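Participant:
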Amino acid sequence: MFDRGEKGRAGSALDAANFFLADVRDGLGPYLAVYLLTEQHWDEARIGLVMSIATVAGIVAQTPAGALVDATRAKRLVMVVAAIMVTLASLLLPLFPGFGPVAISQGIAQAATVVFPPAIAAVSLGIFGRAAFTRRIGRNETFNHAGNAVAAGLAGLFAWRFGPTVVFYLLGAMAVASLVSIIAIPERAIDHDLARGLHDADTRSERPSGLAVLLTCRPLLVFAICVLLFHLSNAAMLPLVGQKLALQDKNMGTSLMSACIVAAQVVMVPFAMLVGARADRWGHKRFFLAALLILPIRGALYTLSDNPFWLVGVQLLDGVGAGIFGAIFPVIVADLMRNTGRFNVAQGAVITAQSIGAALSTTLAGLVVVGAGYSAAFITLGAVAAIGAIVCLVALPETRHGTLPPQGKTAPADISYRSRMSRPNLKD
């Protein structure tokens with residue numbers, strides 16, 4: 379067993395990893411749309427298609443990535459390899475700007491980035507345990523958003539001075555720092571049974587549940603549907619805003635996009651901290667529902683003005699919704715997969731649904747923009763999130779620890795658990 383000092387060093391290294399991986403785990407993100415629109419002169423539909431193709435690669439890789447994180451004891455090495463792949467794929471893009479090379483390079487990058495969310499969550503759970511997991515995830519997201527804000531601010535400043543291709547080199551610098559941070563996490567500080575969701579001491583000798591638990595856990599399926607709808611609504615909003623800004627001022631497009639990202643990331647920090655501090659008391663479902671409800675409001679407000687200051691101001695709401703979602707997502711999955719040993723593959727499966735939503739979002743938005751304009755696209759995306767909020771309210775039970783029956787075969791018998799808890803929503 380590692381000592382308290384080693385746990386503290388592991389926590390500090392994890393803080394740094396979350397900060398520097400913030401830029402790496404998203405790859406080029408919304409900057410790709412601005413770069414292709416202003417520098418390569420692609421239309422919106424073509425941009426949406428290539429981004430969707432890249433996302434499909436992530437969909438294919440996502441669930442296997444979660445299973446790999448569950449199975450491997452070399453979680454740090456997996457993250458290091460993924461960071462290198464993302465960086466190389468992105469740095470090659472300006473050299474090969476054709477449709478095929480861009481689709482392939484971004485597909486590789488997207489397939490590699492899917493490793494980071496389950497791996498970071500697994501390492502956090504393996505080091506700090508179930509009782510401190512919600513607070514630790516809130517801290518992870520705080521450093522992640524701070525890293526995104528710093529990277530976006532630097533990208534905006536350097537893009538204004540040197541042009542939009544500077545984001546490629548900034549990504550490379552952040553990748554090097556992230557590799558150092560990951561390696562600094564002490565390997566022996568990670569309890570790999572805890573990291574895969576076997577929380578209780580008396581279950582350590584049991585084998586993990588079968589993969590069928592992913593299909594038999596009804597709340598997990600409902601949560602996956604809600605996550606899909608969240609990202610079907612959310613994924614295309616920021617790229618659309620970036621395109622509107624770039625069309626108004628080509629030279630300032632990347633810098634204004636950075637302003638949008640910085641504004642949102644700054645707001646995400648306190649909301650991620652709020653989830654970490656209060657979600658266990660106030661309820662996990664409530665926070666997730668709030669994240670969904672922000673999106674229809676945001677979509678409607680985007681239609682009111684094309685003024686750059688207004689668009690950047692509305693982008694603050696992205697900080698509220700995404701800040702809550704990023705912090706509460708792994709917490710809810712950990713709730714649902716308690717004692718199954720399938721925490722990370724479940725994360726991968728739900729993020730697969732998330733990726734499907736994101737892939738469809740950019741294609742849907744691009745087609746609506748071409749056919750009916752930007753305002754119609756924002757309203758359409760907001761309506762999708764409203765449907766997700768209704769599904770969440772009606773069908774998703776509260777998942778907070780102690781309010782759901784255990785899902786794994788290592789858990790106590792379901793009947794005795796229900797009789798002790800006597801909660802009407804346990805049939806879900």
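Heads up: the sequence shown is residues 379 to 806, going by our numbering.
Glycine included, every Cβ here is placed at the ideal spot set by N, Cα and C.
Quantities reported herein were computed from a predicted structural model and do not represent experimental measurements.
1) Once DSSP output is grouped into helix, strand and coil, what is the label at S683?
2) Smallest Cα separation from A700: which of F494, L671 and F397?
3) According to DSSP, is N526 helix, strand or coil?
4) In chain order, which continuous runs of the alpha helix (DSSP H) of length 4 or greater are located wholly inside the region 436-496?
5) Comparing C-alpha positions only, which one of F477, V501 and L572 sits nearest to V456?
6) Name the residue from F721, V709 and L625 whose alpha carbon lies nearest to the alpha carbon of A573.
7) Between the C-alpha atoms of N717 and F536, what's the straight-line distance to the nearest angstrom?
8) Over what stretch of residues does the alpha helix (DSSP H) that includes M715 continue unbroken?
9) Using three-state DSSP, classify I765 as helix, strand or coil.
10) In the DSSP assignment, find the alpha helix (DSSP H) that holds R418 and state where it starts and stops.
11) Would you grab the beta carbon distance between P686 and L625 for me? Rounded to a whole angstrom, and I think it's under 8 Å.
12) Cutting at 6 Å between CB atoms, please list the residues of its own chain near R808, excluding the five before and the five after it.
13) Which of helix, strand or coil does DSSP assign to P775?
14) Check I710 in the structure and name its three-state DSSP category.
15) Excluding the 5 residues preceding and the 5 following G365 in the sequence, name in chain order all residues of the same chain whose CB lies nearer than 8 Å to its CB.
16) What are the boundary residues of the alpha helix (DSSP H) that includes I568?
17) In the DSSP assignment, the alpha helix (DSSP H) including Q693 goes from what residue to what residue?
18) Please list, in chain order, all residues of the same chain as V747 whose beta carbon is under 6 Å from its beta carbon, the five residues on each side excluded.
19) What span of residues does the alpha helix (DSSP H) with R574 cover, start to end?
20) By the DSSP assignment, the alpha helix (DSSP H) with L599 in it spans what residues?
21) Less than 9 Å between the C-beta atoms of A743 and M615, yes or no?
22) Using a C-beta cutoff of 9 Å, does L694 count as contacting chain C?
23) Looking only at its chain, what residues have a beta carbon closer than 6 Å to the beta carbon of G389, apart from the 5 residues adjacent to it on each side?
24) Measuring only the C-alpha atoms, how far is V605 from T543?
25) T730 by DSSP, collapsed to three states: which one?
26) If I follow the unbroken alpha helix (DSSP H) through G620, where does it start and stop?
27) According to the neighbour-count rule (16 or more other Cβ atoms, all chains shown, within 10 Å of its Cβ), is S683 buried or exposed?
28) Would you decide whether G386 is buried or exposed? Buried here means 16 or more other CB atoms lie within 10 Å of its CB.
29) Just how far apart, CA to CA, sit T740 and T433?
30) Only counting the same chain, and skipping five residues up and downstream in sequence, which positions put a Cβ closer than 8 Å to that of G516?
31) Among the candidates A499, A763 and T450, whose CA atom is the shortest distance from the CA of F608?
32) From V554 to P472, what distance separates their C-alpha atoms?
33) Taking all protein chains shown into account, decide if G749 is buried (16 or more other Cβ within 10 angstroms of its Cβ) or exposed.
34) Three-state secondary structure (DSSP) at A510?
35) Straight-line CA distance for V772 to A435?
36) Taking A602 and V728 to be in contact with their CB atoms under 8 Å, please state how far apart those CB atoms are, rounded to whole angstroms.
Facilitator: The relevant details are as follows:
1) coil
2) L671
3) helix
4) 453-469 and 477-491
5) V501
6) F721
7) 48 Å
8) It is not in any alpha helix (DSSP H) - M715 carries neither H nor E in the DSSP assignment.
9) helix
10) Sequence inspection shows Gln at residue 418; the Arg mentioned does not correspond to that position. Taken as a continuous stretch (DSSP letters only), Q418 belongs to no alpha helix (DSSP H), as it is neither H nor E.
11) Not really, about 11 Å apart at Cβ, beyond 8 Å.
12) One cannot answer for residue 808 here, as it falls past the ends of the chain, which runs 379 to 806.
13) coil
14) helix
15) Residue numbering for the chain in the displayed model covers 379 to 806; residue 365 lies beyond these limits and cannot be assessed.
16) That residue, I568, is in no alpha helix (DSSP H); it is neither H nor E in DSSP.
17) Note, Q693: premise wrong, no alpha helix (DSSP H); not H, not E.
18) E422 and A755
19) Segment: none, R574 is in no alpha helix (DSSP H) and carries neither H nor E.
20) R596 to N612
21) yes
22) Absent from the structure: chain C. Only one protein chain is present.
23) none
24) 32 Å
25) helix
26) M615 to Q626
27) exposed
28) exposed
29) 10 Å
30) A650, M651, L652, V653, G654, A655, A657 and A705
31) A763
32) 20 Å
33) exposed
34) coil
35) 32 Å
36) 5 Å
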